[in-house]
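Take a look at the structure set out below.
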Ligand SMILES: [Fe+2]
Ligand SMILES: [Fe+2]
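Residue numbers (our numbering): 1284 to 1501.
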């Protein structure tokens, strides 16, 4: 466990999380956002088939994240029950509430795009959710399990940050300003959730380390 929660992990201080704000997403699509509007004129002259391709990528990504968010509503509920720290329980519960709202916001995006709201199975998110379930099985309730839950949750948040950074860039490039706003709002929530987990990890990692020391001395 100590290795999992070491400095190189996502919940450590030296992680990339500090940089993972919604406005400075490290994904390549996130970076391209700033210049998206300036490229609007040139994209109009591009072939319709390439625009259709990008639309398809965006729509597939939307279905993927819609499926993922629905899985996460259930997973965050389980994680809040499995956590010992009140701070962490509340973080999971608050983000579950946000996640439920995100599902509704994504349904608005589907509507704007003239699509029926439908998810597409996302094996990556299934795997991340499974990792969280393994953490619950592997550790008794306590600081070490809490630390493992934070790792799992932060992996999920980083997946979401990448997904929404890309979705926002696609929507901006394709001229779907209202969708871009929705994705931007959600991206902000995901970044905040990640930061809250960073803060919780500072106390919980310390508690887990002290617990290990106490066991060794006993
Ligand atoms: Fe989410
Ligand atoms: Fe999230």
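Cβ coordinates follow ideal geometry from the N, Cα and C atoms, glycine included.
Could you check which residue in 1482, 1489 and 1492 has the C-alpha nearest to that of residue 1370?
-> 1482
In the stretch 1413-1490, which residue ranges form an unbroken alpha helix (DSSP H) of at least 4 residues, counting only runs that do not cross its ends?
-> Runs of the alpha helix (DSSP H) inside the stretch 1413-1490: 1426-1457.
Out of curiosity, what's the CA-to-CA distance linking residue 1337 and residue 1490?
-> Each residue's Cα considered, the two are about 47 Å apart.
Specify the secondary structure class of residue 1367 as computed by DSSP and reduced to three states.
-> coil
Ligand 2 heavy atoms versus the CB of residue 1439: any closer than 7 Å?
-> yes
Proximity winner among 1351, 1353, 1418 and 1385, relative to residue 1366 (alpha-carbon distances) = 1418
Just to confirm, are residue 1421 and residue 1447 a CB contact at a threshold of 8 Å?
-> no
Look at the Cβ atom of residue 1413, then the Cβ atom of residue 1386, and state whether they are nearer than 8 Å.
-> no
Give the single residue among 1429, 1439 and 1475 whose Cα lies nearest to the Cα of residue 1485.
-> 1429
May I ask you to check if the CB of residue 1382 is nearer than 7 Å to at least one heavy atom of ligand 2?
-> Residue 1382: yes, Cβ under 7 Å from ligand 2.
Thinking just about the alpha-carbon of each residue, which of 1343, 1374 and 1405 is nearest to the one in residue 1398?
-> 1343
Any contact of the stretch 1447-1466 with the stretch 1399-1411, i.e. 3+ C-beta pairs under 8 Å?
-> Short answer: they don't touch.
Does the beta carbon of residue 1338 fall short of 7 Å from some heavy atom of ligand 2?
-> no
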